[in-house]
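Numbering (my numbering), first residue to last: 5 to 295. Here is the structure we will look at, set down as structure tokens.
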């Protein structure tokens, strides 16, 4: 049965007669009768028996009805989704992001996008950078947002903005009185941070080395969220991207880090996917939120 067969079958089952079903489907009764016979021929069994000018559903038809109803509703939903997509009211967008972006600027952009396109279906997954890249390559996600470059085959990268890093530390920390902090001032202080084998951690290693200092990693972390939570518990300072300063937990302050280390906000997509008005609008909103 094709989509039209399902529509015809459902209409006849609900109406109980060809004439009533023909009115519902806006076709002539002879045309509907012919279409129904073709449907039965393709199935290889009768759906209705003709008795005294009436159509009586067979046992097979009764068995098919629940599944036909389910498929009909799914088809209607698909048609509605396609209409919304064409009119730029809806669409589907599967997003993945690393922790700093997933809890800061991205929710703001998603909220703005949903206000503009209320019918759009959006999903957001918080993922480590490696898993984010794998999901994009497997096309389980449409868009990825990260601050770590991913030179992976089949992915294209767009820089949306750049943010200077900050030092976050407990408000009661002895260095919190400074407006800026340098590697020399942070020397020997316990740090909650990213290890040198990670791109960001390596950049911090270089910044410290330029001033003849070494980082004192007390706790190694993999996400901004965990770093902030540990700083709040008083385990040390952390050097994070500037977005962290926009959503600080209670008792935590942010100070400018010098020499300046910047992190780029990157949008990643599969090269196999074409342009999307929904993605383009999200991109514009993110650029605006990053300013």
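Built from N, CA and C at the ideal position, the CB exists for glycine as well. None of these values were measured; they are calculated from a predicted model.
Which of helix, strand or coil DSSP assigns to residue i
| i | result |
| --- | --- |
| residue 104 | helix |
| residue 228 | helix |
| residue 197 | strand |
| residue 256 | strand |
| residue 109 | helix |
| residue 65 | helix |
| residue 96 | strand |
| residue 23 | helix |
| residue 54 | strand |
| residue 223 | strand |
| residue 36 | helix |
| residue 91 | Any reading at residue 91 needs caution, since the residue's pLDDT is 48, under 50, leaving its predicted position unreliable; the model's value is listed next. Reduced to three states, the DSSP call for residue 91 is coil. |
| residue 242 | strand |
| residue 76 | helix |
| residue 179 | coil |
| residue 116 | helix |
| residue 42 | helix |
| residue 121 | coil |
| residue 248 | helix |
| residue 156 | coil |
| residue 236 | helix |
| residue 31 | coil |
| residue 47 | helix |
Backbone CA spacing between residue i and residue j [nearest angstrom]
| i | j | result |
| --- | --- | --- |
| residue 91 | residue 113 | Confidence in residue 91 is poor, its pLDDT being 48 and thus under 50, which makes the residue's placement unreliable; the coordinate value appears in the next sentence. Answer to the nearest angstrom: the Cα atoms are 21 Å apart. |
| residue 66 | residue 109 | 53 Å |
| residue 185 | residue 237 | 21 Å |
| residue 47 | residue 288 | 51 Å |
| residue 193 | residue 222 | 9 Å |
| residue 198 | residue 259 | 18 Å |
| residue 265 | residue 187 | 12 Å |
| residue 32 | residue 26 | 6 Å |
| residue 51 | residue 71 | 14 Å |
| residue 227 | residue 30 | 59 Å |
| residue 23 | residue 68 | 22 Å |
| residue 242 | residue 104 | 13 Å |
| residue 143 | residue 128 | 14 Å |
| residue 234 | residue 152 | 22 Å |
| residue 183 | residue 95 | 45 Å |
| residue 123 | residue 146 | 18 Å |
| residue 7 | residue 55 | 27 Å |
| residue 294 | residue 117 | 15 Å |
| residue 15 | residue 285 | 41 Å |
| residue 173 | residue 283 | 36 Å |
| residue 40 | residue 79 | 19 Å |
The beta strand (DSSP E) enclosing residue i, as first and last residue numbers
| i | result |
| --- | --- |
| residue 168 | 159 to 174 |
| residue 126 | 125 to 130 |
| residue 141 | No beta strand (DSSP E) contains residue 141, which is instead part of the alpha helix (DSSP H) from 133 to 141. |
| residue 61 | 58 to 61 |
| residue 267 | 266 to 274 |
Residue i, buried or exposed, once every other Cβ within 10 Å from all chains shown has been counted against 16
| i | result |
| --- | --- |
| residue 42 | exposed |
| residue 210 | exposed |
| residue 60 | exposed |
| residue 251 | exposed |
| residue 273 | buried |
| residue 162 | exposed |
| residue 35 | exposed |
Residue i - containing alpha helix (DSSP H), residue span
| i | result |
| --- | --- |
| residue 13 | 7 to 19 |
| residue 205 | 203 to 213 |
| residue 284 | 281 to 294 |
| residue 187 | 187 to 190 |
Residues sharing a beta bridge with residue i, DSSP
| i | result |
| --- | --- |
| residue 148 | 100 and 272 |
| residue 261 | 185 |
Chain D contact for residue i (CB, 8 Å cutoff)
| i | result |
| --- | --- |
| residue 31 | Judged by its chain identifiers, the structure shown contains no chain D, having just a single protein chain. |
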